[in-house]
Each structure stands twice: as C-alpha cells, then as structure tokens.
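Step one of this worksheet: look at the structure below.
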Amino acid sequence: NAGVTQTPKFQVLKTGQSMTLQCAQDMNHEYMSWYRQDPGMGLRLIHYSVGAGITDQGEVPNGYNVSRSTTEDFPLRLLSAAPSQTSVYFCASTSRPDTQYFGPGTRLTVL
Amino acid sequence: GENVEQHPSTLSVQEGDSAVIKCTYSDSASNYFPWYKQELGKGPQLIIDIRSNVGEKKDQRIAVTLNKTAKHFSLHITETQPEDSAVYFCAAYYGGSQGNLIFGKGTKLSVKP
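Protein sequences, first through last, are from chains S and Y.
Numbered according to our numbering, the first sequence spans residues 1 to 111.
Numbered according to our numbering, the second sequence spans residues 1001 to 1113.
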C-alpha cells in the first residue's frame, strides 16, 4: 500500500493562474479531505468528501473546487491563484470520519 | 463555532524529562480526540488517540488523558528523546457520522540532548 499520495510536492504559481493538486489513496477509504496549513494556524479544512460523487465545504473553501469521481482520487483545484493561497496543502483519507491518515503535502507558493 | 485550544505553542525540555501538552475543546458532543506528530517536511502522523468512553490511554512512552467534564485532554511524553522533537497537534472530532476534526494550532517540542 502506498497510502495517501500527493503531487506535486512543490509548485510556484503566478497570481491568476490555475492548477490542480492531485491526491490519491489505495486503501479504499470512503472519506477524503483537504487541509491547508499556515504558520501558527494549525490545519484548516478546505473541502471533504464522504464518498464518490459527494463533496462538501469545510472551514475555508473559498477559491477552491473539488470533485470526487472515483473512490481513489480527490483533486483540489485552484481556479485563480492568489498570494493568500500560499500554503502547504495536505490530503487525508480514512475509513471513518475520525481517524485520518495524511499525505506528504504540497508546498504551494503564489507570487 | 467549534474550537480547540492548544498550549503551549513551544516547549523545550532536556532529554529524559517529561513533556505535557494540553488542549481544551468547546463542543461537549465531541467523542474522539487524536494526537498527531509532524516532523519537518512531512505530513501529520497519528501517534495516539482516545475516545470519550475512557479516561486514559498509554502506548509505551506516550499517554493521553481525557477529562470530559472539564473538556480538556492532554498528551504526556515520558523519558523524552531527541527524536521526539517535532510539532504536535491535538484535534477533536465533532459532527456525527459525517463530521470532521478540528485541530489545535500545534506545539513545537524541542528535546535537547
């Protein structure tokens, strides 16, 4: 099992560009989520999904879109990147909505 | 809304000493409290968790205690080692079957040899 994988590991964008952060898991978990981590702010939930075809907003969803077409994949889209979206992004998955297993993260810089 | 407060934000101890990190939560319905360790450049990793039907749980040198009445829980690390140096996050689960975790802001633990 690879667990939770994320690509890319690092990304630099210019303001206004769009991109997709990829997340995949091979544990057949129904529940997946995206967090952002900023210094002194801990982990904040962006979007989550309780199964294929079902997504919902978390604490800080503005500027991000998600979709869940398969159990394995849960991509996060930035439609028009802003400097405020500079952060480290973590994807997590779980078979239950409590114990979460995190990927290695994507460090995003928006200039 | 739901909130988890974590203290201290930084903690420095000598190797072999104990370290204690404390968290309080706001939602009395929360029933699951995990602790995560995050090493530099890596994702958070679950190290121990406790559910609301127990007051204490131990796993070798780490233990977690829960006081539901006071709505606080703590992480205890005994006989600290340099490899325990990391950022530790507490979290509380809320919201029923489709709920989520709320995280504390983290504690940076430094263990000096």
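Here a beta-carbon is modelled for each residue, glycine too, at the ideal position from N, C-alpha and C.
Beta-bridge partners of S:THR106 (DSSP): S:TYR89. Among the CB atoms of chain S, one or more fall inside 8 angstroms of the CB of Y:PRO1034. Just so you know, the alpha carbons of S:GLN22 and S:GLY103 end up roughly 11 angstroms apart. For S:THR5, the enclosing beta strand (DSSP E) covers residues 4-7. The C-alpha of Y:LYS1105 lies about 8 angstroms from the C-alpha of Y:CYS1090. Interface with chain S (8 angstroms Cβ-Cβ cutoff): Y:TYR1093 is included. Per DSSP, S:GLN100 has no beta-bridge partner at all. Segment contact: the stretch 14-29 of chain S against the stretch 90-99 of chain S, three or more CB-CB distances shorter than 8 angstroms; contact assigned.
What Y:LYS1042 touches in chain S, judged by beta-carbon distance under 8 angstroms, is PRO104, GLY105, going in chain order. Y:PRO1044 and Y:GLN1038 have their C-alpha atoms spaced approximately 4 angstroms apart.
Less than 8 angstroms divides the Cβ of Y:PHE1103 from the Cβ of S:LEU43.
Proximity to S:ARG68 across S:MET32, S:GLY105, S:ALA2, S:GLY16 peaks at S:MET32, based on C-alpha coordinates.
Using a Cβ-Cβ distance cut-off of 8 angstroms, the stretch 1064-1073 of chain Y and the stretch 1015-1033 of chain Y are in contact, since at least three pairs of beta carbons, one from each stretch, lie closer than that value. Counting every other CB atom within 10 Å of its CB across the protein chains shown gives Y:VAL1064 a total of 16 or more, marking it as buried. As the crow flies, the alpha-carbon of S:ARG107 is around 6 angstroms from that of S:TYR89.
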